[in-house]
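K.L.:
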Amino acid sequence: MIDNDGTCTLTLTSPSGEKVVAVAAAYPDATLTYCDLLRIPGDELSGESWTAVVTYSSPAYVGESNSLEVSR
């Protein structure tokens, strides 16, 4: 997929349901669309275990990654 009008969102969800979000622009190259750096500082996270999901959204496409358990 090559798309030039999208946004990437990283959502971290704690076991208690707290959510922390980072948003970045997406950029196309010759064969793919890449997300700019999605970063959430560790001091914004309480606890050790979070579930991460990355979503991509544009007028033409919407997609979501599988969830992944992460630790800070």
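So the sequence shown is numbered by our numbering: it starts at 3 and just counts up by one.
Ideal Cβ positions, reconstructed from N, Cα and C, are used throughout, including at glycine.
From VAL56 to ALA32, what does the alpha carbon distance come to, in whole angstroms?
P.N.:
Reading the sequence shown from its first residue, position 54 is the one you call residue 56. Reading the sequence shown from its first residue, position 30 is the one you call residue 32. For VAL56 and ALA32, the gap between their C-alpha atoms comes out near 22 Å.
K.L.:
Less than 6 Å between C-beta atoms, sequence neighbours within five positions excluded: which residues of the same chain meet that for GLY49?
P.N.:
Along the sequence shown, one-based indexing puts residue 49 at 47. Taken in chain order, the residues that qualify are SER16.
K.L.:
Among ASP38, THR11, VAL23, which residue has its Cα nearest to the Cα of GLY44?
P.N.:
Here residue 44 corresponds to residue number 42 of the sequence shown, with the count starting at 1. Nearest of ASP38, THR11, VAL23 to GLY44, Cα basis: VAL23.
K.L.:
Tell me whether LEU70 is buried or exposed, calling it buried when 16 or more other Cβ atoms sit within 10 Å of its Cβ.
P.N.:
For the purposes of this step, residue 70 is taken as residue 68 along the sequence shown, with counting starting at 1. By the neighbour-count definition (other C-beta atoms within 10 Å, threshold 16), LEU70 is an exposed residue.
K.L.:
The beta strand (DSSP E) spanning LEU14 covers which residue range?
P.N.:
Counting from one through the sequence shown, the residue named residue 14 turns up at place 12. From DSSP, the beta strand (DSSP E) with LEU14 extends over 9–15.
K.L.:
In the DSSP output, what is LEU70 paired with across the bridge?
P.N.:
For this step, residue 70 is matched to residue 68 along the sequence shown. LEU70 is bridged to ALA54.
K.L.:
Would ALA26 and LEU14 be called neighbours here (beta carbons separated by less than 8 Å)?
P.N.:
Position 24 of the sequence shown, counted from the first residue, corresponds to residue 26. Position 12 of the sequence shown, counted from the first residue, corresponds to residue 14. No.
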